[in-house]
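What follows is a set of notes on a single structure, which appears directly below.
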Amino acid sequence: MASLLDLPAEIRLMIYTCLLKPNEYVKSYRKLKDPESSAKGGPLCAIPRPYVKRYTPSILLLNKKIATEALHYLYQIPLNLYGTPSTYFAMRQMDITEFISEHYLQRIHHGVLRLNHANKHFVLSILDIWGAENRLERLDVYRPKTQLDNQHWKVVESRLSTFSSVVPVVFHEVDNPLKVEATRAT
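Residue numbers (the numbering used here): 1 to 186.
Here is the structure:
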C-alpha cells in the first residue's frame, strides 16, 4: 500500500485543502450564540464563562514530514477573522486566542478582518499578537460603507494605519463585511 508521501505533490495539496479548514472556528461562535446551548435560570453572574474546545486536524498528527508540508499549505489559506462574541454583560469580550492559537495567527500569510462594527478590543488584541511576530504578506480589512464617526472606529483605523507600515493593509468599504467574498492576494 502506498503512503501519503508517495503520492504526487499535486494530489497531496488537494488532500490538504480538503482536510485543512482554518475558518471552521467560526462554528464555535454560533454555538455560543445558540439559545439552546446557553444556560438558563439563575443570575448571569453565576453562569460560568464558556469553554471553547480547540482541535488539531488529524493530518497534522501523522508524522513530522507530513505535518511540515501540510502546515506550509495551511498558513497560505486566507484566514477570515470576525470579531469574537461577547459572553455576558459583566464579562469581557472573548479573546481570539480562545478559538485560534496565537502560534497559528502569527504564521498566516493572508488575514481578512471582517468588521461590521469597530470590535476595538478584538482588533487591538490581534494587532498585539501580530506586533510580537507575524508572517503576514497582506491584510484585507472589510468594513461597512456607512458613516463611522464613533471613537472606537477612530482608534481601530489609527492602529491599522500604523500597522500598515509593517504589513500591506487594504481597506474595503462594502455593504455587508461579513458576507462579501474576499479578494485574492496578488
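Glycine included, C-beta positions come from ideal geometry on N, C-alpha and C. Please read all numbers here as calculations on a predicted model, not as lab measurements.
Asked: Residue burial classification, Pro8 (beta-carbon count within 10 angstroms, cutoff 16); Found: exposed
Asked: Distance between Ser28 and Ser37 (C-alpha atoms, nearest Å); Found: In this predicted model, Ser37 has a pLDDT of only 49, less than 50, meaning its place in the structure is not dependable; the value taken from the coordinates is given anyway. Roughly 11 Å separates the two Cα atoms.
Asked: Residues bridged to Asp140 [DSSP beta-bridge criterion]; Found: Val112 and Val170
Asked: Tyr82, DSSP secondary structure in three states; Found: strand
Asked: Minimum C-alpha distance to Leu127 - residue among Asp95, Leu5, Gln151 and Asn150; Found: Asp95
Asked: Thr186 versus Pro168 - alpha carbon distance; Found: Any reading at Thr186 is ruled out, since the residue's pLDDT is 43, under 50, leaving its predicted position unreliable.
Asked: Met14, enclosing alpha helix (DSSP H) - first and last residue; Found: Ala9 to Leu19
Asked: Boundaries (first-last residue) of the alpha helix (DSSP H) holding Gln151; Found: Gln151 to Phe163
Asked: Inter-residue spacing [alpha-carbon to alpha-carbon] between Pro85 and Lys53; Found: 15 Å
Asked: Nonlocal neighbours in the same chain, by C-beta distance under 7 Å from Asn23, ignoring five residues either side; Found: Leu79 and Asn80
Asked: Length of the line joining the Cα atoms of Ser125 and Ala2; Found: 45 Å
Asked: Close-in-space but distant-in-sequence residues of the same chain around Glu195 (CB under 8 Å, 5 per side omitted); Found: As displayed, the chain neither begins before 1 nor continues past 186, which places residue 195 out of reach and without an answer.
Asked: Cα-Cα separation, Val180 to Glu173; Found: 10 Å
Asked: Contact with chain D by Arg107, beta-carbon distance below 9 Å; Found: You won't find chain D in this structure, because it holds only one protein chain.
Asked: Cut-off 6 Å between Cβ atoms - residues of its own chain near Ala67, not counting five sequence neighbours on either side; Found: Leu60
Asked: CA-to-CA distance, Lys65 to Arg138, given in whole angstroms; Found: 27 Å
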